[in-house]
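Enquirer:
Protein chains in written order, with this note's numbering: chain A, 11 to 214; chain B, 1340 to 1905.
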C-alpha cells in the first residue's frame, strides 16, 4: 500500500481530474482539496475520485427573494468552487445542493479557508467550522441530505497546516493513475530521440 | 549634497517586469549573492557546520554505500549515498534512465541500520522506489567518465590530476535530477518550511548537492588508494575546490517557472530589490571599490576560462569578454568616484550585450552583503493566492490590458506563434517539446500557452457585462478559472510572468533553464541544444572540511587560478 505525500496526492488528483476532462482550474482545486483531506488523515483520494467521475453539468445561482443564494443541484466539482466564489465575493450566505457526492466539498472548503484565513461554517449535509484551514470541530455528516448552507467571516491567523498523510486504497490510487495517464502523450521513437533535446546516451 | 539629491531623483527603482522577464534577458542570467548555493554557503559558515563521514562501506572498485552527517539549525541531516556498477550502454543523463552510477537521499535526522536497509532497497530505483517522510531529497549522479578515470589514474600514480583536463569538465559527476517536496513519497516542503537553517528557497536541495560533491571527491580518492595502495595520493584541497558537481538539465525546469508565479516573483523581486538598493547608493567607499575590482577581475577570468562547443553561446561568451574588459577600463578610469557610481556604471553598461549587463548586475551586489543578503529570506512563498471572486470584469480587463499588453499583440493566426507544444511523454513522464504541425499529441499539451489563454479570456470578458463579478463569470465559464486566477495573481506578483510566447517558434527553452539555474547558483552553462544544458555547481566553493573557517563568498565567479584575467 502506498502512502503518498500531500504533494503527490494533490498532483495525482489534479491530473486525474484533467484526464477525466475537468478544466484546469477546477482540476487544481480538486487536487488541493484531496490533499487537504489527506493531511487530516481522511480519504481525500477517494473523495476526489468520486467527484471526478461524476458527469459535468451547468451550474446556476439564483435568489428567491431573500439574501440567500441557491446553487445546484450540480456536481460538487463545479458547484463547490462556485459556491465558495459567491461566498468570498461577499454575496452572503450560500445554499448549495450537490447532485451526488459531497465529501470533497469539505476539502474544497478547507483549502479555501487555508488560502484566505477565513472561518467557514458548513451546515447541512456536512456540518463543521473551519478556520484558516483548521477544523474547529469534528465534521458531522447527514447522509440523508445533499445540501448545505455556507457562511464565512474573517478568521484568526492559523498555525501551519497539518502535514499528515493518508494511504488510499490501492485500487483508488491506481484508478487515479489511469485517469491521470490520459494527459500523457503516447511515446514514439521520434519523440524519444528528439523531444527532450538530448541524445540517448552520455558516455563522456 | 545637491548633486546627490538630483541624481537620486533619476533613480528609477526596480527594473520593470517587462524588461526583466523577457526570454532573451532571462537566458543571460548569472548567479548573484542571493543565489541559493551562495545563501547556503553563508549559512553553513555562520553555523560553523562540520561534516562527519559516519559510514564508508565500499568495494575496491568504489561500489557500496556511505553516510555523511551534519547539524544545521539544530537539526541533524544525513546524506546517504549509494555507488553502483553501471554498464556504459545504460549511462544517460535523461529522465528515461533506469540505472545510475550513484544515487542519494538526504535523510532528516540520523539513519538507523534499518533506515539504511530500507533506503538501499529504494534509493537506487529512484522514481520506481518509494521514499518516506524521513527523506527530504532524492538524487542521482553519473560519472563524467573521462575525467573520473583521469583523476583516479593520476591519483593512483601519486600525482594530482592535470589542471587543464580538470577544467575542461569541472566536476567528477553530473546529477541528473534532484527531487524534493514530496516526490515519490519524500517529505512535503511544508514539513521543513520555517525550520531554522532552511529559510529561503531550495536549501535542502543545495545542501544535498554540496554533500554529493564531497562524496564524489572521496570516492575518487578511495578507488585510487584501492587500486595502488603503495603509490596513491589523495586529492589536494586545491584540486577538490576546483571540482564542483555537474548537472544535466532538460525541459522539466521550464514548466516549474510557469506554474509557480508567486515563487518566481519572490526570487526576482528580491534580486531586483537588491539591485535597486545598490543603484541608489550615493557613494562607493574605497573598500567597496576594491571588492568590486576584485570580483570584476574574477569575472573576467571566469569568462576567459568559459568555453563551450555551442556556437551561439560561444558568441555570447566572446561578447561578454569584450564587454567586461570595457567595463574594467571604465572603472579603472575612476568612474566609481562619481556620485551614484553604480547607477552610472549600469547606465553606461546598458550599451553592452545582455550577458555583460546581467553579469554586471550580479557583480555590483558583491560589495554589499550587509545591504542585500537579508533579501534571501524573502525568496519563498506560502500557499498560492486564491482568486478574488468579487472583482468586477471591468477591473479584470484592466489588469489584462496593463499586465498582458504584450500577449494581446500576438497574432496566434500565424503558424509560427503556435509552432511548438509542450507535453509530458508517457515515456517515464519525461517533459518534451514538439512541433505542432508534424507531431502527434498537441491535444494533450501542457498549458504553458499563457499568452494564448489570456487572449481567449480577454475575448470572453469582453463578451460579458463589465459590471459582472468574477464569481458570476466563472459560473458560466469554469474553463477560464485557471487563467483568471493567474491574471489576478500576476497583478500582485508581476515578476511571476514570462513576457514572451512560450509556444512560438522563437521560444528557446534553454533561456528558461539558465534563468532558473542561475538562481540556484549554477555557472559554466554549456548548452547541448536549445532545450538541454549542462552546468557546474559549487566549483570553487568551500569544501566540507573547511566551511566553518572559509570565506563563504570568495568563490563568486570562480575561475581556475591560472585563467587569464585580461
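We put the CB at the ideal spot given by N, CA and C, even for glycine.
(1) According to DSSP, is residue 1346 of chain B helix, strand or coil?
(2) Should residue 1389 of chain B go down as buried or exposed, given a rule of 16 or more other Cβ atoms within 10 Å for buried?
(3) So if I threshold CB-CB distances at 9 Å, which residues from the region 122-145 of chain A count as touching chain B?
(4) Checking the sheet assignment: what are the DSSP bridge partners for residue 81 of chain A?
(5) Does the beta-carbon distance from residue 1639 of chain B to residue 1667 of chain B come in below 8 Å?
(6) May I ask which residues mark the beginning and end of the alpha helix (DSSP H) holding residue 180 of chain A?
(7) For residue 1601 of chain B, collect the residues of the same chain with a Cβ closer than 7 Å to its Cβ; drop the 5 residues on either side in sequence, then sort them by chain order.
(8) By how many angstroms is the C-alpha of residue 1541 of chain B removed from the C-alpha of residue 1718 of chain B?
(9) How far does the alpha helix (DSSP H) with residue 126 of chain A in it extend, from its first residue to its last?
(10) For a test of the three-state rule: what should DSSP assign to residue 1481 of chain B, helix, strand or coil?
(11) Quick one: is residue 18 of chain A near chain B, going by C-beta distance under 8 Å?
(12) When you compare the CB positions of residue 1787 of chain B and residue 1847 of chain B, do they come within less than 8 Å of one another, or not?
(13) Here's the rule: buried if 16 or more other CB atoms are within 10 angstroms of the residue's CB, otherwise exposed. What is residue 1498 of chain B?
(14) List, in chain order, every chain A residue whose beta-carbon is nearer than 8 Å to that of residue 1529 of chain B.
(15) Tell me the rounded alpha-carbon separation between residue 1775 of chain B and residue 1816 of chain B.
(16) Could you tell me which whole alpha helix (DSSP H) segments of length 4 or greater appear in the region 1642-1715 of chain B?
(17) Determine which residues share a DSSP beta bridge with residue 1868 of chain B and list them.
(18) So, with DSSP's three-state summary, where would you put residue 1575 of chain B?
(19) If I measure Cβ to Cβ from residue 1509 of chain B and keep anything under 8 Å in the same chain, skipping five residues before and after, which residues do I get?
(20) The beta strand (DSSP E) that contains residue 1403 of chain B, what's its start and end?
(21) Using a beta-carbon distance below 8 Å, is residue 179 of chain A in contact with chain B?
(22) Which residues in chain B sit within 7 Å of residue 205 of chain A, going by Cβ to Cβ distance?
(23) Using a Cβ-Cβ cut-off of 6 Å (strictly less than) and excluding sequence neighbours within five positions of residue 1342 of chain B, which residues of its own chain qualify?
(24) Look at residue 109 of chain A and residue 148 of chain A and say whether their C-beta atoms are less than 8 Å apart.
(25) With a threshold of 16 other CB atoms inside 10 Å of the CB of residue 1380 of chain B, please say whether the residue is buried or exposed.
(26) Quickly, what does DSSP pair residue 139 of chain A with across the bridge? List them, please.
(27) Looking at C-beta atoms only, is the number of pairs between the region 1628-1638 of chain B and the region 1852-1867 of chain B that lie closer than 8 Å three or more?
(28) Within 8 Å (strictly less), CB to CB, does residue 208 of chain A reach chain B?
(29) At which residue ranges does the region 1573-1634 of chain B contain complete alpha helix (DSSP H) runs of 4 or more residues, listed in the order of the chain?
(30) Do the region 1413-1424 of chain B and the region 1433-1450 of chain B make contact, defined as three or more Cβ pairs closer than 8 Å?
(31) Nearest to residue 167 of chain A by CA position, among A/35, A/161, A/140 and A/73, is which residue?
(32) What is the DSSP secondary structure of residue 1759 of chain B, counted as helix, strand or coil?
(33) Which same chain residues end up closer than 6 Å to residue 1655 of chain B when comparing Cβ atoms and leaving out the 5 residues on each side of it in sequence?
(34) So which residues on chain A does residue 1869 of chain B lean against when the C-beta distance must stay under 8 Å?
(35) Which residues in chain B have a C-beta closer than 8 Å to the C-beta of residue 193 of chain A? List them in chain order.
(36) Measuring CB atoms only, is the region 1696-1715 of chain B touching the region 1611-1622 of chain B, in the sense that at least three cross pairs come out at less than 8 Å?
Expert: This is what the structure gives:
(1) One-based indexing of the second chain puts residue 1346 of chain B at position 7. With a pLDDT of 39 at residue 1346 of chain B, under the threshold of 50, the predicted position of this residue should be treated as unreliable, and no value is reported.
(2) For the purposes of this step, residue 1389 of chain B is taken as residue 50 along the second chain, with counting starting at 1. Exposed is the call here.
(3) 122, 124, 125, 126 and 143
(4) As a position in the first chain, residue 81 of chain A is number 71, starting the count at 1. In the DSSP output, where bridge partners are listed per residue, residue 81 of chain A has A/71 and A/106.
(5) For this step, residue 1639 of chain B is matched to residue 300 along the second chain. For this step, residue 1667 of chain B is matched to residue 328 along the second chain. Yes, they are a contact pair.
(6) Looking up residue 180 of chain A in the first chain gives position 170. Per DSSP, residue 180 of chain A belongs to the alpha helix (DSSP H) from 180-190.
(7) As a working note, residue 1601 of chain B is residue 262 in the second chain. Excluding sequence neighbours, residue 1601 of chain B sits near 1720, 1723, 1724, 1828, 1832 and 1835.
(8) Working through the second chain from its first residue, we reach residue 1718 of chain B at position 379. Working through the second chain from its first residue, we reach residue 1541 of chain B at position 202. Whole-angstrom Cα-Cα distance: 10 Å.
(9) Looking up residue 126 of chain A in the first chain gives position 116. Run containing residue 126 of chain A: 113-126, per the alpha helix (DSSP H) assignment.
(10) Here the question's residue 1481 of chain B lines up with position 142 in the second chain. Residue 1481 of chain B: strand per DSSP, three-state reduction.
(11) Here residue 18 of chain A refers to the residue found at position 8 of the first chain. Yes, residue 18 of chain A lies at the interface with chain B (some Cβ there is under 8 Å from its Cβ).
(12) Indexing the second chain from 1 puts residue 1787 of chain B at position 448. Indexing the second chain from 1 puts residue 1847 of chain B at position 508. Their beta carbons are not under 8 Å apart, which means residue 1787 of chain B does not touch residue 1847 of chain B by this criterion.
(13) Counting from one through the second chain, the residue named residue 1498 of chain B turns up at place 159. The residue is exposed, with fewer than 16 neighbouring Cβ atoms inside 10 Å.
(14) Position 190 of the second chain, counting from 1, holds the residue named residue 1529 of chain B. Within chain A, the residues near residue 1529 of chain B are 16, 170, 171 and 173.
(15) If you number the second chain from 1, residue 1775 of chain B lands on position 436. If you number the second chain from 1, residue 1816 of chain B lands on position 477. The straight-line gap from Cα to Cα measures roughly 27 Å.
(16) 1650-1671, 1680-1687, 1693-1704 and 1708-1711
(17) In the second chain, the residue the question calls residue 1868 of chain B occupies position 529. BP columns for residue 1868 of chain B point to B/1871.
(18) Here residue 1575 of chain B refers to the residue found at position 236 when the second chain is read from its first residue. Of the three classes helix, strand and coil, the one that applies to residue 1575 of chain B here is coil, per DSSP.
(19) Position 170 of the second chain, counted from the first residue, corresponds to residue 1509 of chain B. Excluding positions up to five away in sequence, the list reads 1581, 1582, 1583, 1585, 1863, 1875 and 1878.
(20) Mapped onto the second chain, residue 1403 of chain B falls at position 64. 1403-1411 is the extent of the beta strand (DSSP E) around residue 1403 of chain B.
(21) Within the first chain, residue 179 of chain A is the residue found at index 169, counting from 1. With 8 Å as the cut-off, residue 179 of chain A does not count as an interface residue toward chain B.
(22) Position 195 of the first chain, counted from the start, is the residue given in the question as residue 205 of chain A. In chain order: 1764, 1771, 1772 and 1773.
(23) As a working note, residue 1342 of chain B is residue 3 in the second chain. For residue 1342 of chain B, the pLDDT reaches just 46, beneath the cut-off of 50, and the residue's location in the model is therefore unreliable, leaving the point undetermined.
(24) Your numbering for residue 109 of chain A matches position 99 in the first chain. Your numbering for residue 148 of chain A matches position 138 in the first chain. Not a contact, by the Cβ cut-off of 8 Å.
(25) Within the second chain, residue 1380 of chain B is the residue found at index 41, counting from 1. Residue 1380 of chain B is buried by the Cβ-count criterion.
(26) The residue you call residue 139 of chain A lines up with position 129 of the first chain. Paired residue(s): A/131.
(27) no
(28) To locate residue 208 of chain A, count along the first chain from 1; it is residue 198. Residue 208 of chain A counts as touching chain B.
(29) 1576-1581, 1592-1598 and 1600-1618
(30) yes
(31) Numbered from its first residue, the first chain carries residue 167 of chain A at position 157. Minimum Cα distance to residue 167 of chain A is reached at A/140.
(32) Translated into positions along the second chain, residue 1759 of chain B becomes position 420. Strand at residue 1759 of chain B.
(33) As a working note, residue 1655 of chain B is residue 316 in the second chain. Once the five neighbours on either side are set aside, the close Cβ partners of residue 1655 of chain B are 1694.
(34) Your numbering for residue 1869 of chain B matches position 530 in the second chain. The contacting residues are 207.
(35) By one-based count along the first chain, residue 193 of chain A stands at place 183. Those are 1763 and 1783, listed as they occur along chain B.
(36) yes
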